[in-house]
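Working notes, beginning with the structure itself.
Residue numbers (the numbering used here): 112 to 483.
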């Protein structure tokens, strides 16, 4: 028996420690899957199904330019396939080419593509183009084909919000949430609207739910910060605004709120200027933002930049004497700091007043001497 136990121990495999797989080395995802189709497409360059499949994967991987190339190559082979035109419309929409996307969507319909996704894409594209009536019409067609489509309900809510129909906006957003309760974007829009209508307690509810689902959402961090500010907790709000920008630099409203807070606290221009510049690049119509930026640049001595902002303020507020004066004054300061060869304004040379010279008056003619 001892001999058998020794033999068993010698024959048993040595135990090895578990090793974790480095997830960074795992090849997966739509981009990798698209790359894996390259060989098949080289062998079958006229296979529109393979090209359409790779285009779909490219779109999912955030590569709309490559997707559009594949779709256009497929359309050169078969220009009667409605689904290819739909893929083309999706790629064009992702590139922000809205009129071209709508034209491709119409061609998809003309070639027999009847999926509810088509009017949904048209509705969202019209919404992006601020064509609200056309957006609502397309979204209604989507809902006739699929009454429980949460995306269509969501976009209808956004369209009504954009046209200031608050009741309808809330109704459709709530309907979308009922059908897709774990969609962070729906919760963000509800929180944003409740904040906009000064109902921070309701906004906090939706923002909190959204953050439980997506803790990396910059938009939801902004929403939660805004409701804190509206409820009188500005210091806590600023922390959420900063976090929103760390997560998503496109959250220009967080930049705007941070700049307003810094100005109200009397902070120096370097704490204000970068926030306002980023915010105005995304929304030039933020109240008081351009005026604050112009005056902060002026206070910091960045006069050419301040002059540009003052001129924009005059263009936005024609006839405003204050901004007109600021343009004149700042322009004079900018011109005075330049050498004569670089001045763009007219050069005015002031002559010294001529000295008054008193000329002797001609003497009266001498009277002739009397003749003796």
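Note that CB positions come from ideal geometry on N, CA and C, so glycine has one too.
If you count every other CB in all the chains shown that lies within 10 Å of the CB of residue i, and 16 or more means buried, which is it?
i           : result
residue 306 : buried
residue 288 : buried
residue 277 : exposed
residue 272 : buried
residue 233 : buried
residue 168 : buried
residue 332 : buried
residue 364 : buried
residue 449 : exposed
residue 255 : exposed
residue 436 : exposed
residue 268 : buried
residue 308 : exposed
residue 384 : buried
residue 221 : exposed
residue 321 : buried
residue 270 : buried
residue 297 : buried
residue 328 : buried
residue 334 : buried
residue 236 : buried
residue 147 : exposed
residue 229 : buried
residue 433 : exposed
residue 176 : exposed
What is the DSSP secondary structure of residue i, counted as helix, strand or coil?
i           : result
residue 227 : coil
residue 274 : coil
residue 328 : coil
residue 336 : helix
residue 378 : coil
residue 212 : helix
residue 160 : helix
residue 282 : helix
residue 292 : coil
residue 430 : coil
residue 310 : coil
residue 361 : coil
residue 222 : coil
residue 519 : One cannot answer for residue 519 here, as it falls past the ends of the chain, which runs 112 to 483.
residue 92  : In the structure as shown, the chain begins at 112 and stops at 483. Residue 92 is therefore absent and cannot be evaluated.
residue 132 : For residue 132, the predicted structure reports a pLDDT of 39, less than 50, and the residue's modelled location is therefore unreliable. A value from the coordinates is still provided. Three-state DSSP puts residue 132 in coil, outside helix and strand.
residue 315 : helix
residue 268 : helix
residue 234 : helix
residue 240 : coil
residue 321 : helix
residue 172 : coil
residue 462 : Reliability fails at residue 462, whose pLDDT of 45 lies under 50, so the model's placement of it is uncertain and no value is given.
Let's see if you can read the secondary structure: which residues bound the alpha helix (DSSP H) around residue i?
i           : result
residue 177 : 175-188
residue 382 : It is not in any alpha helix (DSSP H) - residue 382 carries neither H nor E in the DSSP assignment.
residue 248 : 243-256
residue 344 : Residue 344 -> no alpha helix (DSSP H), and no H or E assigned at all.
residue 149 : 149-154
residue 448 : First-last for residue 448: undefined, no H or E at that position.
residue 193 : 193-205
Roughly how far, in whole angstroms, is the beta-carbon of residue i from the beta-carbon of residue j, given that I think they are within contact range, below 8 angstroms?
i           : j           : result
residue 358 : residue 366 : Incorrect: roughly 13 angstroms between the Cβ atoms, too far for contact.
residue 194 : residue 163 : 7 angstroms
residue 387 : residue 370 : 5 angstroms
residue 240 : residue 209 : 5 angstroms
residue 219 : residue 200 : 6 angstroms
residue 431 : residue 438 : Going by Cβ atoms, the distance from residue 431 to residue 438 rounds to 10 angstroms, so no, they are not a contact pair.
residue 152 : residue 142 : Wrong, their Cβ atoms sit about 15 angstroms apart, outside the cutoff.
residue 259 : residue 290 : 6 angstroms
residue 264 : residue 243 : Residue 264 to residue 243, Cβ: 16 angstroms. No contact.
Of all the CB atoms in chain C, is at least one closer than 9 angstroms to the CB of residue i?
i           : result
residue 347 : Structure shown: chain C not included; a single protein chain is present.
Inset, instruction - Enumerate, from N- to C-terminal direction, the unbroken alpha helix (DSSP H) stretches of 4 or more residues contained entirely within the region 389-420. - result: 400-410
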